[in-house]
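Student: The working numbering numbers the first residue of the sequence shown as 70 and each following residue consecutively. Here it is, the structure in full.
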Amino acid sequence: MMVNVEGSFTPAETVEAIRSGTAEIGLLGSSGQPHTADLDVCQLESQPLVLISPPGTEADSDTIERQHLDGLRFVISQRGSLMRQLIDSALVHDSSTSVIAEMAHRTSLLPLVCAGVGHTVMPDSWRDIAASSGCVVRRIVPEVHLDIFVVSRKGELSPGAEALMSLIHSRALGLDFGT
């Protein structure tokens with residue numbers, strides 16, 4: 070069996086890779102279930118978005134109200150991501166909010182935040198690594214969630230992909246395989 074992993078930057082790119090046959094299984098994050106009636110979709114989890122701020126940022130709470138994002142300088146992922154949508158909304162409502170850098174992949178964001186270039190918005194799964202890097206991490210309220218899904222074509226999967234999707238669906242149903 071061969072496994073090939075490639076990055077896609079938006080849910081639409083992931084869905085297109087599945088539909089076109091470029092990939093058998095895709096992992097994507099979106100705000101709610103993607104509109105993919107022709108695909109098998111299984112939700113894995115839901116993660117709240119957090120604000121990650123440079124080391125030394127003053128914070129009197131472990132939460133930040135959405136309206137307090139106004140006026141901040143951001144390093145952010147490209148258009149099409151949920152994190153970017155949240156920042157774009159702040160940009161519309163406050164002219165002092167700015168995007169300092171737009172990165173193609175979110176793995177490039179944390180080093181820029183650590184260097185003090187600006188703030189970023191990421192899923193909560195980045196909390197531990199950001200905090201261990203010295204960054205200040207706060208949950209955004211009211212919460213916005215990134216829902217994590219696995220998608221595949223219905224039927225016509227390789228034996229390995231079929232087995233993996235079966236395990237994913239079993240996990241989603243709460244079945245225990247003793248692992």
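Just so it is clear, CB atoms sit at the ideal spot from N, CA and C, and this is done for glycine as well. Just so you know, these numbers come straight off a predicted model, no measurement behind them.
Excluding five sequence neighbours on each side, which residues of the same chain lie with their C-beta closer than 8 Å to the C-beta of A210?
Tutor: As written in the sequence, residue 210 is Val, which differs from the Ala given in the question. Excluding sequence neighbours, V210 sits near T132, I133, E134 and R135.
Student: With H, G and I counted as helix, E and B as strand and the rest as coil, what does DSSP make of T132?
Tutor: Note: T132 maps to strand in three-state DSSP.
Student: Can you check which of these residues, A232, A199 and L120, is closest to G224 by C-alpha distance?
Tutor: The shortest C-alpha separation from G224 is found at A232.
Student: Say whether the region 213–228 touches the region 109–118, bearing in mind that this needs 3 or more beta-carbon pairs closer than 8 Å, one atom from each stretch.
Tutor: Verdict: yes, contact present.
Student: In whole angstroms, give me the CA-to-CA distance for P117 and P192.
Tutor: Going from the Cα of P117 to the Cα of P192 covers about 6 Å.
Student: Could you check the C-alpha separation between V186 and R175 for me, to the nearest Å?
Tutor: Going by the C-alpha atoms only, they are around 15 Å apart.
Student: S235: buried (16+ other C-beta within 10 angstroms of its C-beta) or exposed?
Tutor: S235 should be labelled exposed.
Student: Hey, is R208's beta-carbon within less than 8 Å of any beta-carbon in chain D?
Tutor: As a matter of chain content, chain D is missing from the structure shown, which is built from one protein chain.
Student: Could you say which of V205, L141, G229 and H238 lies nearest to E93 if we only look at CA atoms?
Tutor: Considering only alpha carbons, the answer is G229.
Student: What beta strand (DSSP E) runs, 3 residues minimum, are completely inside the region 72–133?
Tutor: Whole beta strand (DSSP E) segments, 3+ residues: 94–99 and 108–122.
Student: Is there contact between the region 192–208 and the region 71–85, where contact requires at least three CB pairs shorter than 8 Å?
Tutor: Cβ pair count under 8 Å is below three, so no.
Student: Would you say L138 and R207 are within 8 Å of each other, going by their C-beta atoms?
Tutor: No.
Student: Taking the alpha-carbon of G101 as reference, which of S227, L215 and Q147 has the nearest alpha-carbon?
Tutor: Selected option, being the one with the closest Cα: L215.
Student: Name the two residues that bound the continuous alpha helix (DSSP H) containing E225.
Tutor: Element bounds for E225: n/a, residue is neither H nor E.
Student: Contact defined as beta carbons within less than 8 Å: I believe M172 pairs with V144. What is the distance between those atoms, to the nearest angstrom?
Tutor: That pair is a contact at about 7 Å.
Student: When the Cα atoms are used, what is the spatial distance from I237 to S165?
Tutor: Rounded to whole angstroms, I237 to S165 spans 44 Å at the Cα level.
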